[in-house]
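Notes for the one structure printed next.
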Amino acid sequence: MKNEALAMLDWLVGEWDLTMSDAWFMEPGFVGHGTASVEWLGDAFLVLRATLGEEHSTWTWVFGRNDARAQLTVLYHDERGVCRVFALTVE
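Under the working numbering, the residues of the sequence shown are numbered 369 to 459, in order.
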């Protein structure tokens with residue numbers, strides 16, 4: 369059974385072109401182009417893998433739900449070894 373809380377994000381599934389600019393963690397004036405793919409991991413999670421330019425990291429995001437708190441959560445990892453947890457709200 370597909371995770372109903374994440375089913376509202378099903379439109380993200382597929383291949384995407386990315387453009388990033390004005391990000392607080394990049395050099396001022398940086399504009400980067402890349403690609404992303406989003407797919408279901410089983411019926412419980414969405415996985416987003418993105419690469420931005422040849423000189424920048426590949427990012428992995430896993431979208432899930434904490435049933436005990438009825439809260440969407442995103443886990444992040446990149447090739448530098450950075451790991452982060454984000455709360456997600458969808459309206």
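All residues carry an ideal CB built from backbone N, CA and C; glycine is no exception.
Local Cβ density within 10 Å of L386, reported as buried at 16 or more and exposed below that: Taking the sequence shown and counting its residues from 1, the one referred to as residue 386 is at position 18. Flag for L386 reads exposed.
Buried/exposed call for L409, threshold 16 Cβ in 10 Å: In the sequence shown, counting from the first residue as 1, residue 409 sits at position 41. By the neighbour-count rule (16 or more Cβ atoms within 10 Å), L409 is not buried but exposed.
Residue closest to L420, alpha-carbon to alpha-carbon, out of W384, A455, E372: Taking the first residue of the sequence shown as position 1, residue 420 is located at position 52. Considering only alpha carbons, the answer is W384.
Where the beta strand (DSSP E) through L456 begins and ends: The residue labelled residue 456 in the question sits at position 88 within the sequence shown. L456 -> beta strand (DSSP E) spans 451 to 456.
Local conformation of A418 per DSSP, three classes: For this step, residue 418 is matched to residue 50 along the sequence shown. In the structure shown, A418 sits in a strand (DSSP, three-state: E or B).
Selection from P396, N371, S425, L416 that minimises the alpha carbon distance to L380: The sequence position of residue 380 within the sequence shown is 12, counting from 1. Minimum Cα distance to L380 is reached at L416.
Between the CA atoms of A412 and N434 - distance to the nearest angstrom: Working through the sequence shown from its first residue, we reach residue 434 at position 66. Working through the sequence shown from its first residue, we reach residue 412 at position 44. Those two C-alpha atoms are separated by around 11 Å.
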